[in-house]
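Trainee:
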Amino acid sequence: MCFCAGTLIETATGPRAIETLRPGDRVRTLDHGLQPLRWIGRRDLDATALAAAPHLAPVRIRAEALGRGLPRHDLLVSPQHRILLRSAIAERMSGAREVLIGAKHLVGYPGITQMPPGAGPVSYLHLLFDRHEVVFANGAEAESLYTGAQALRSLTRAARAEIFELFPELRRPEAAPETARPLANGRIGRKLSLRHAKNHKPLVMAG
């Protein structure tokens, strides 16, 4: 679950390129105002690595694909990264007006595509806070790194060691941190995307 280098993250001093952030910087969150960044991780994939694992190619969310002004500029995220959806359709289909859905499950909605592996090298960056948060990326609402077991397994051993040093409780197999919003599984995510597209409704409604 990560953003591509170049993503603008809302902070206490305004939008900043994600690769310039450092632990301790205060980042604007949807639920808890300004929160200190505890850890930032980075993974660089060159063209060869992407060709060998095309499923890791980033998802591009075009400007205003989610709704009016959302995102303000094209947003590139990893396929697993979850984006906040807010709509009456989401509430009817999932029981929650606001849900987090993996970007790969939104591919096919107008303006949302997965880039071809040959598009070039990519740098993915993770943002970690004291809790799972929703942050503002190019103006759109998207999750911070969720430290569930599956997500942690996707990180390098060195990255996990750094996180466990900060949050030793995550070493416990039964650790299940609370999520900022309900997480829609792939089946529900794809259905939500298709329903919004069929009804010509934005994925993010105001309020």
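Quick note, this note's numbering runs 2 ahead of the 1-based positions in the sequence shown.
Think of the CB as a built atom: it goes at the ideal place given N, C-alpha and C, for glycine as much as any other residue.
Predicted model, so just to flag it, every value in this text is computed and none were measured.
#1: Suppose only complete runs of 3+ residues qualify. What are the beta strand (DSSP E) ranges in the segment 14-97, listed by chain order?
#2: Would you kindly report the start and end of the unbroken alpha helix (DSSP H) that includes S125?
#3: State buried or exposed for H198, treating a residue as buried only when at least 16 other CB atoms are found within 10 Å of its CB.
#4: Report the option in P25, E135, A55 and D27 whose CA atom is closest to the CA atom of S80.
#5: Okay, do the segment 129-149 and the segment 174-191 touch, 3+ Cβ pairs below 8 Å being the bar?
#6: Touch check for the segment 68-83 and the segment 158-166: three-plus C-beta pairs under 8 Å?
#7: What three-state label does DSSP hand E180 in the structure shown?
#8: So the candidates are L58, H128 and L147; which of them puts its Cα closest to the Cα of D48?
#9: If you run the structure through DSSP and keep just helix, strand and coil, what is F1?
#10: Grab me the residues of G71's own chain with a C-beta within less than 7 Å of its C-beta, minus the 5 sequence neighbours each way, in chain order.
#11: Tell me which same chain residues have a C-beta within less than 6 Å of the C-beta of R24, skipping the five on either side of it?
#12: Is the beta carbon of S125 sitting closer than 9 Å to the one on A19?
#13: Under three-state DSSP, which class holds G120?
#14: Might you give, ordered along the chain, the residues of its own chain that have their beta carbon closer than 8 Å to the beta carbon of E93, omitting 5 neighbours on each side?
#15: From V109 to V61, what does the alpha carbon distance come to, in whole angstroms?
#16: If contacts are defined as beta-carbon pairs under 8 Å, then H83 and G188 qualify, I think. What distance do you get, rounded to the angstrom?
#17: So if DSSP puts Y111 in a beta bridge, which residue, or which two residues, is it bridged to?
#18: Specify, as a first and last residue, the run of the beta strand (DSSP E) that A199 falls within.
#19: DSSP three-state call for E145: helix, strand or coil?
#20: Would you tell me roughly how many angstroms separate the C-alpha atoms of A53 and I114, rounded to the nearest one?
Mentor: In short:
#1: 16-19, 28-31, 35-38, 41-47, 61-63, 77-79 and 84-88
#2: From DSSP, S125 is part of no alpha helix (DSSP H) but of the beta strand (DSSP E) over V124 to L130.
#3: buried
#4: A55
#5: yes
#6: no
#7: coil
#8: L58
#9: A query on residue 1 cannot be resolved here, the shown segment of the chain reaching from 3 to 209 and no further.
#10: G141
#11: none
#12: no
#13: helix
#14: R99
#15: 8 Å
#16: Actually they do not touch by this definition, with Cβ atoms about 14 Å apart.
#17: V109
#18: Taken as a continuous stretch (DSSP letters only), A199 belongs to no beta strand (DSSP E), being part of the alpha helix (DSSP H) at G188 to K200.
#19: strand
#20: 21 Å
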